[in-house]
Amino acid sequence: MALKATIFKAELQIADMDRGYYQTHSLTTARHPSENDERMMVRILAFALNATDDLQFTRGLSAEDEADIWEKDLVGGVKTWIEVGLPDERRMRKACNQSEQVFMYAYGDRAAPVWREQNKAVLRRFSNLTVFFIPEEQVSAMAEHTERTMDLQCTIQDGEIMFSSNNGVVDISLECWSD
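With numbering that gives the first Met the number 0, the residue at position 27 of the sequence shown is 26, and numbering never jumps.
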(Lines of atoms letter the chains of each structure in order from A and count residues from 1; the text may use other names and numbers.)
(Lines give C-alpha, C1' and ligand atoms only; values in the text may rest on other atoms or scores of the structure.)
Protein backbone atom coordinates (compact mmCIF):
# COMPACT_ATOMS: atom_id res chain seq x y z
CA MET A 1 0.00 0.00 0.00
CA ALA A 2 1.38 3.41 -0.98
CA LEU A 3 1.93 6.00 1.70
CA LYS A 4 -0.22 9.10 1.50
CA ALA A 5 0.87 12.71 1.77
CA THR A 6 0.54 14.43 5.13
CA ILE A 7 -1.46 17.66 5.06
CA PHE A 8 -0.13 20.76 6.84
CA LYS A 9 -1.93 24.07 7.22
CA ALA A 10 -0.19 27.38 7.77
CA GLU A 11 -1.42 30.89 8.31
CA LEU A 12 1.49 32.83 6.82
CA GLN A 13 1.76 36.57 7.48
CA ILE A 14 4.16 38.28 5.09
CA ALA A 15 5.60 41.75 5.60
CA ASP A 16 7.97 42.28 2.67
CA MET A 17 9.11 45.86 3.04
CA ASP A 18 11.54 45.48 0.13
CA ARG A 19 8.68 44.81 -2.32
CA GLY A 20 5.92 46.65 -0.46
CA TYR A 21 3.95 43.39 -0.13
CA TYR A 22 1.87 42.86 3.03
CA GLN A 23 -0.53 39.94 3.04
CA THR A 24 -1.72 36.95 5.00
CA HIS A 25 -1.99 33.65 3.13
CA SER A 26 -3.83 30.56 4.33
CA LEU A 27 -1.69 27.75 2.95
CA THR A 28 -2.45 24.07 2.69
CA THR A 29 0.54 22.00 1.71
CA ALA A 30 0.82 18.28 1.25
CA ARG A 31 4.11 16.79 2.40
CA HIS A 32 5.02 13.91 0.10
CA PRO A 33 6.08 10.74 1.99
CA SER A 34 9.64 11.20 0.70
CA GLU A 35 9.79 14.86 1.78
CA ASN A 36 11.20 15.90 5.16
CA ASP A 37 10.31 18.87 7.39
CA GLU A 38 13.34 20.83 6.15
CA ARG A 39 12.28 20.72 2.49
CA MET A 40 8.67 21.55 3.30
CA MET A 41 9.67 24.57 5.37
CA VAL A 42 12.00 25.79 2.59
CA ARG A 43 8.99 25.55 0.24
CA ILE A 44 6.99 27.74 2.63
CA LEU A 45 9.88 30.21 2.87
CA ALA A 46 10.19 30.29 -0.93
CA PHE A 47 6.47 31.03 -1.13
CA ALA A 48 6.86 33.92 1.32
CA LEU A 49 9.83 35.39 -0.54
CA ASN A 50 7.98 35.41 -3.89
CA ALA A 51 4.38 35.78 -2.73
CA THR A 52 1.75 37.25 -5.00
CA ASP A 53 -1.99 36.78 -5.01
CA ASP A 54 -1.64 34.18 -7.80
CA LEU A 55 1.34 32.17 -6.49
CA GLN A 56 0.39 28.58 -5.63
CA PHE A 57 1.82 25.27 -4.50
CA THR A 58 1.65 22.51 -7.11
CA ARG A 59 1.64 18.74 -6.78
CA GLY A 60 5.43 19.12 -6.36
CA LEU A 61 7.26 15.82 -5.94
CA SER A 62 4.18 13.97 -7.20
CA ALA A 63 4.39 15.62 -10.64
CA GLU A 64 7.59 15.81 -12.66
CA ASP A 65 6.15 18.34 -15.11
CA GLU A 66 5.34 20.95 -12.47
CA ALA A 67 7.37 23.32 -10.32
CA ASP A 68 7.22 23.14 -6.54
CA ILE A 69 5.51 26.52 -6.61
CA TRP A 70 4.41 28.61 -9.56
CA GLU A 71 2.48 31.60 -10.74
CA LYS A 72 0.61 31.34 -14.01
CA ASP A 73 -0.76 34.11 -16.21
CA LEU A 74 -4.38 34.34 -17.37
CA VAL A 75 -3.82 32.05 -20.38
CA GLY A 76 -1.96 29.33 -18.46
CA GLY A 77 1.63 30.37 -19.20
CA VAL A 78 4.08 30.13 -16.31
CA LYS A 79 5.23 33.55 -15.09
CA THR A 80 7.26 32.32 -12.10
CA TRP A 81 8.66 28.81 -11.57
CA ILE A 82 10.10 28.02 -8.12
CA GLU A 83 12.16 24.92 -7.31
CA VAL A 84 13.41 23.75 -3.92
CA GLY A 85 16.44 21.51 -3.60
CA LEU A 86 19.01 20.48 -6.17
CA PRO A 87 17.28 19.84 -9.51
CA ASP A 88 19.04 18.14 -12.39
CA GLU A 89 20.10 19.98 -15.55
CA ARG A 90 17.10 18.76 -17.56
CA ARG A 91 14.66 20.14 -14.98
CA MET A 92 16.48 23.51 -14.84
CA ARG A 93 16.38 23.81 -18.64
CA LYS A 94 12.69 22.96 -18.69
CA ALA A 95 11.92 25.55 -16.00
CA CYS A 96 13.89 28.28 -17.77
CA ASN A 97 12.39 27.51 -21.17
CA GLN A 98 8.80 27.40 -19.93
CA SER A 99 8.66 30.45 -17.67
CA GLU A 100 9.48 34.13 -17.51
CA GLN A 101 11.50 33.82 -14.30
CA VAL A 102 12.87 30.92 -12.28
CA PHE A 103 13.94 30.91 -8.64
CA MET A 104 15.73 27.95 -7.10
CA TYR A 105 16.37 27.55 -3.39
CA ALA A 106 19.27 25.18 -2.72
CA TYR A 107 20.22 23.88 0.70
CA GLY A 108 22.49 21.20 2.14
CA ASP A 109 25.96 22.32 3.19
CA ARG A 110 27.71 19.30 1.65
CA ALA A 111 25.65 18.47 -1.44
CA ALA A 112 24.74 21.98 -2.62
CA PRO A 113 28.30 23.25 -3.32
CA VAL A 114 29.00 20.08 -5.34
CA TRP A 115 25.74 20.59 -7.28
CA ARG A 116 26.69 24.21 -7.93
CA GLU A 117 30.11 23.24 -9.30
CA GLN A 118 28.62 20.53 -11.53
CA ASN A 119 25.98 22.92 -12.93
CA LYS A 120 28.03 26.11 -13.42
CA ALA A 121 27.51 26.13 -17.19
CA VAL A 122 23.74 25.74 -16.89
CA LEU A 123 23.51 28.38 -14.17
CA ARG A 124 25.29 30.90 -16.43
CA ARG A 125 23.31 30.00 -19.57
CA PHE A 126 19.90 31.29 -18.47
CA SER A 127 19.31 34.96 -17.76
CA ASN A 128 15.90 34.26 -16.17
CA LEU A 129 17.36 31.92 -13.51
CA THR A 130 18.22 33.02 -9.97
CA VAL A 131 19.62 30.50 -7.50
CA PHE A 132 19.76 31.11 -3.76
CA PHE A 133 21.54 29.02 -1.14
CA ILE A 134 20.23 28.68 2.43
CA PRO A 135 22.71 27.37 5.05
CA GLU A 136 21.77 24.03 6.59
CA GLU A 137 21.80 25.44 10.13
CA GLN A 138 19.04 27.90 9.18
CA VAL A 139 17.02 25.25 7.36
CA SER A 140 17.19 22.98 10.43
CA ALA A 141 16.10 25.86 12.65
CA MET A 142 13.08 26.50 10.38
CA ALA A 143 12.17 22.80 10.53
CA GLU A 144 11.81 23.11 14.31
CA HIS A 145 8.75 25.29 13.62
CA THR A 146 6.93 22.45 11.84
CA GLU A 147 3.50 21.59 13.17
CA ARG A 148 0.39 20.25 11.47
CA THR A 149 -1.23 23.67 11.99
CA MET A 150 1.17 26.62 11.99
CA ASP A 151 1.01 30.37 12.52
CA LEU A 152 4.05 31.76 10.72
CA GLN A 153 5.41 35.22 10.09
CA CYS A 154 7.98 36.24 7.52
CA THR A 155 9.43 39.74 7.62
CA ILE A 156 11.76 40.94 4.88
CA GLN A 157 13.60 44.23 5.11
CA ASP A 158 16.80 45.35 3.37
CA GLY A 159 17.43 41.78 2.22
CA GLU A 160 17.25 40.47 5.80
CA ILE A 161 14.70 37.71 6.45
CA MET A 162 13.12 36.95 9.80
CA PHE A 163 11.02 33.77 9.90
CA SER A 164 9.06 33.21 13.11
CA SER A 165 6.32 31.29 14.85
CA ASN A 166 5.25 30.64 18.43
CA ASN A 167 8.39 28.47 18.66
CA GLY A 168 10.78 31.39 18.16
CA VAL A 169 12.60 33.33 15.47
CA VAL A 170 15.05 32.26 12.76
CA ASP A 171 17.18 34.83 10.95
CA ILE A 172 17.79 33.71 7.39
CA SER A 173 20.61 34.81 5.09
CA LEU A 174 20.25 33.92 1.44
CA GLU A 175 23.40 33.66 -0.64
CA CYS A 176 22.82 34.40 -4.31
CA TRP A 177 24.55 31.79 -6.50
CA SER A 178 23.59 33.29 -9.83
CA ASP A 179 26.73 34.41 -11.63
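C-beta atoms are modelled at their ideal positions from N, C-alpha and C, and glycine is treated no differently.
Option nearest Ile68 by Cα separation, candidates Tyr104, Asn35, Asn96, Arg89: Tyr104
Expected contact under 8 Å - CB spacing of Ile6 and Thr27 to nearest Å: 6 Å
Where Lys119 falls: helix, strand or coil (DSSP): Helix, per DSSP.
Whether Met149 touches Leu44 by CB criterion (8 Å): no
Cβ contact check for the stretch 125 to 145 and the stretch 91 to 101: 3 or more pairs under 8 Å: The answer is yes - the stretch 91 to 101 touches the stretch 125 to 145, with three or more Cβ pairs under 8 Å.
Own chain, CB closer than 6 Å to Ile171, minus 5 neighbours either side, in chain order: Gln137, Ile160, Phe162
Three-way DSSP call (helix, strand, coil) for Glu159 in this model: strand
For Ile81 and Asn35, believed in contact at Cβ under 8 Å, the rounded distance: About 18 Å; that fails the 8 Å criterion.
Ranges of the beta strand (DSSP E) found wholly within the stretch 30 to 66, counting only runs of at least 3: 54 to 56
Classification of Leu73 by the beta-carbon crowding that lies within 10 angstroms, buried from 16 upward: exposed
With 16 other Cβ atoms within 10 Å as the buried cut-off, status of Arg38: Looking at its Cβ environment, which holds 16 or more other Cβ atoms inside 10 Å, Arg38 is buried.
Through-space distance from Ser139 to Ala47, alpha-carbon basis: 18 Å
Rounded C-alpha distance that separates Phe8 from Thr129: Here the sequence assigns Lys to residue 8, which means Phe is not the residue at that position. For Lys8 and Thr129, the distance between alpha carbons rounds to 28 Å.
Option nearest Ser177 by Cα separation, candidates Gln55, Arg115, Gly167: Closest in alpha carbon position to Ser177, among Gln55, Arg115, Gly167, is Arg115.
Residue(s) in a DSSP beta bridge with Thr129: Phe102
DSSP three-state assignment for Val77, whether helix, strand or coil: Taken through DSSP and simplified to helix, strand or coil, Val77 comes out as strand.
Sequence-distant residues of the same chain with beta carbon closer than 8 Å to Tyr21, five excluded per side: Ile13, Ala14, Asp15
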